[in-house]
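Trainee: Quick one: the structure is below, questions incoming.
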Amino acid sequence: MEDHLKWYNSIKGKDYFFVIDLDGEPIGTICLYNFNKNYGEYGRFIIDRKCRGLRYGRDAMSLLISYARTLGIETLYGELLANNTYAILFDISIGFRITGLLRRNKRLAVRMEYDLLAA
Ligand SMILES: CC(C)(COP(=O)(O)OP(=O)(O)OC[C@H]1O[C@@H](n2cnc3c(N)ncnc32)[C@H](O)[C@@H]1OP(=O)(O)O)[C@@H](O)C(=O)NCCC(=O)NCCS
């Protein structure tokens, strides 16, 4: 718990960290961070297991996309482990494209990008 608080204090004020709320119950989180010129990264995106596949993730990502647009971000990106097929297919279903392969902590990751300037 102490470690979590320390980490949370280190990101406070820098990242947009949202709780996904269903009728007053927290069911997940999604975050916007690592701003770099016109880019913004999404991550820390998780939906409670019992709520997956019910389109709450899609709703949360749509809201994040709208919010990123209001901040003037042109490209939203995410890095997903290459074996996270579910999340990769999720991103593709939203409109993200695979734009690269990376190595992260000795593991293969996929970079996904969403063009916020496109309609
Ligand atoms: C990735 C995650 C956030 C998606 O949330 P979700 O609420 O389950 O997703 P949704 O129900 O909104 O699904 C949206 C779309 O994803 C795709 N999708 C969902 N489940 C799928 C599956 N089993 N196989 C293929 N595509 C699938 C579908 O296209 C779906 O659209 P549809 O309902 O119109 O068919 C959630 O699965 C999760 O918490 N995963 C574990 C954490 C993680 O991997 N996070 C991403 C890395 S940061």
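Residue numbers for the sequence shown follow this note's numbering, so the first one is 8 and each next one is one higher.
We treat Cβ as the ideally placed atom computed from N, Cα and C, and that holds for glycine.
(1) Give the C-beta separation of A116 and L87 to the nearest angstrom, bearing in mind that I take them to be a contact with Cβ-Cβ under 8 Å.
(2) Could you tell me whether the region 105-119 touches the region 62-80, where touching means 3 or more Cβ pairs closer than 8 Å?
(3) Helix, strand or coil: which one does DSSP assign to E32?
(4) Taking only runs that begin and end inside the region 77-116, name each unbroken beta strand (DSSP E) of 3 or more residues, in chain order.
(5) Have a look at I34 and I27 and give me their C-alpha separation to the nearest angstrom.
(6) Going by Cα to Cα distance, which pick from M8, G79, L123, D66 is closest to L29?
(7) For L93, is the classification buried or exposed, using 16 other Cβ atoms within 10 angstroms of its Cβ as the cut-off for buried?
(8) Report the CB separation of C38 from Y49 in whole angstroms; it is logged as a contact under 8 Å.
(9) What does a CB cutoff of less than 8 Å around L123 pick up in its chain, not counting 5 residues either side in sequence?
(10) Considering only heavy atoms of ligand 2, does any lie closer than 7 Å to the CB of N91?
(11) Closest to I101 by CA distance: which of R62, N91, R56, K44 is it?
Mentor: Working from what's here:
(1) 6 Å
(2) no
(3) strand
(4) 82-88, 104-111
(5) 6 Å
(6) D66
(7) Going by the sequence as given, residue 93 is Tyr instead of Leu. Per the 10 Å Cβ criterion, exposed.
(8) 7 Å
(9) I72, A75, R76, I80, E81, T82, L83
(10) Here the bound small molecules are ligand 1; ligand 2 is not part of this structure.
(11) R62
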